[in-house]
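>
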Amino acid sequence: MRARSAIRCEKLDSSGGNCGTSNTHSDLSSGSPEVDDLYRRGDVTAIATSAENPDMILTASRDKTLIMWSLTRDESSFGYPKRILHGHNGFVSDVVISSDGQFALSSSWDKTLRLWDLNTGLTTRRFVGHTSDVLSVSFSADNRQIVSGSRDRTIKLWNTLGECKFNITEDGHSEWVSCVRFSPNPMNPVIVSAGWDKIVKVWELSKCKLRTNHFGHTGYISTVTVSPDGSLCASGGKDGITMLWDLNEGKHLYSLEAGDEIKALVFSPNRYWLCAATGSGCKVFDLETKTIVDEIRPELEASKDGNLPQATSVAWSPAGDVLYLGYTDNVVRVYTVV
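This is the structure we're talking about:
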């Protein structure tokens, strides 16, 4: 992988702000290329991309906002902030985009979800029902159903009108529900959830009943991701181990050592790769050889408390040629595959 020239937006507003170059460089196995930086005012908690709108990404942040970025990919700037989405009163913890690219869903520590019209930047629905911070949200493949997970230890299934249709508590998590994801495979309609109880759970969507408990993690789980074909699930968290699960057979396949706490995972859309945001960088695993094919370790400046920025979110472009990494220093770093 390589990255392009470093750009940081010194001012962030809905008109696009003013951007100036920075001298940030990354130190990758392929050399020392430069990086594109998209600036945020709080930890970048989630990044969403859309196959229907490949020239846009959406980022969520602890600054209580979401930002739509217009991607230019030119030599002076990889992109600029096109629109800021305001509405949440707490940290925005997660964001996903509908398969048609028209809507986005966000979850927040204000205990709500919001459905956004990306054409107008306005909230079309608020989802109220959780009694604590909502940590994760996901769209079903047909965009008709929504699932959310919360610190109230529940998983809720909603329709797009903001109505809670099912509250999953039986056989549920005994601690915070940190991540929920729909399988994209309509032939195997399941929800995958993970929590601070160290368990990955697979649920039958049709009945909202537990199908499988996956045990093995020794620390809380922060993230789960489902492969593009819906056959695999990967989980990671405090123990620094990425565990791969077969969703069809309901069994553990193998584990990969990341070496540090895992904050986010994502499968490549067109390669047999799995990316783990961990520590101050990202490890790229080849799932056929079960080896690390690349490790992204940018040269970062320590904060005032002496700590290096940590990678907190990760996403691939729909074409699988660009990797986005969100950090605690308010920056999204952009890497291209060569």
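So the sequence shown is residues 56 to 393, counted in our numbering. No residue lacks a Cβ here, since even glycine has one placed at the ideal position from N, Cα and C.
Considering only their Cβ atoms, is the gap separating Val202 from Val245 smaller than 8 Å?
For the purposes of this step, residue 245 is identified with residue 190 of the sequence shown, where counting begins at 1. For the purposes of this step, residue 202 is identified with residue 147 of the sequence shown, where counting begins at 1. Cβ atoms of Val245 and Val202: not closer than 8 Å.
> For Ala289, report the span of its beta strand (DSSP E) as first-last.
As a first step, residue 289 is located in the sequence shown; it is residue number 234 there, counting from the start. Where Ala289 is concerned, the enclosing beta strand (DSSP E) stretches over 287-292.
> Applying the 10 Å Cβ sphere with the 16-neighbour rule, what's the burial state of Ser131?
Start at 1 with the first residue of the sequence shown, and residue 131 comes out as number 76. It is exposed - the Cβ of Ser131 has fewer than 16 other Cβ atoms within 10 Å.
> Which of the three DSSP states, helix, strand or coil, is assigned to Glu304?
Taking the sequence shown and counting its residues from 1, the one referred to as residue 304 is at position 249. Coil at Glu304, not helix or strand.
> Looking at the unbroken beta strand (DSSP E) that takes in Ser163, where does it start and where does it end?
Taking the sequence shown and counting its residues from 1, one reaches residue 163 at position 108. Here the beta strand (DSSP E) through Ser163 covers 158-163.
> Just to confirm, are Thr346 and Leu320 a CB contact at a threshold of 8 Å?
Counting from 1 along the sequence shown, the entry for residue 346 is found at position 291. Counting from 1 along the sequence shown, the entry for residue 320 is found at position 265. No, Cβ-Cβ distance for Thr346 and Leu320 is not below 8 Å.
> Below 6 Å CB to CB, which residues in the same chain sit around Thr179 once its five sequence neighbours on both sides are set aside?
One-based indexing of the sequence shown puts residue 179 at position 124. Taken in chain order, the residues that qualify are Leu170, Asp172.
> Going by the beta-carbon positions, is the gap between Thr186 and Lys211 smaller than 8 Å?
Within the sequence shown, residue 186 is the residue found at index 131, counting from 1. Within the sequence shown, residue 211 is the residue found at index 156, counting from 1. It is not a contact, given that the beta carbons lie outside the stated cut-off.
> Kindly list the residues whose CB is nearer than 6 Å to the CB of Asp315, restricted to its own chain and excluding five residues on each side of it in sequence; keep chain order.
Within the sequence shown, numbered from 1, the residue matching residue 315 stands at position 260. Only Gly295, Thr333, Gly334 meet the Cβ criterion.
> Checking 8 Å against the spacing of the C-beta atoms, do Phe194 and Phe237 come in under that value?
Translated into the one-based positions of the sequence shown, residue 194 becomes position 139. Translated into the one-based positions of the sequence shown, residue 237 becomes position 182. Closer than 8 Å, so yes.
> Out of Leu342, Glu343, Tyr327, Lys318, which has the shortest C-alpha to C-alpha gap to Gly336?
Your numbering for residue 336 matches position 281 in the sequence shown. It is Lys318.
> Would you tell me roughly how many angstroms separate the C-alpha atoms of Leu412 and Thr273, rounded to the nearest one?
A question about residue 412 goes unanswered here, because the residues of the chain that appear run from 56 up to 393.
> So does Arg326 have its beta carbon nearer than 7 Å to some heavy atom of the ligand MN?
By its list of ligands, the structure shown contains no ligand whatsoever, and the ligand MN lies outside what it can speak to.
> Which same chain residues end up closer than 6 Å to Asp98 when comparing Cβ atoms and leaving out the 5 residues on each side of it in sequence?
Position 43 of the sequence shown holds residue 98. Within the same chain, Asp98 has close Cβ partners Arg117, Thr367, Thr383.
> Relative to the C-alpha of Ser163, which residue among Gly204, Thr209, Asp197, Ser248 is closest?
The sequence position of residue 163 within the sequence shown is 108, counting from 1. Comparing Cα positions, the closest option is Gly204.
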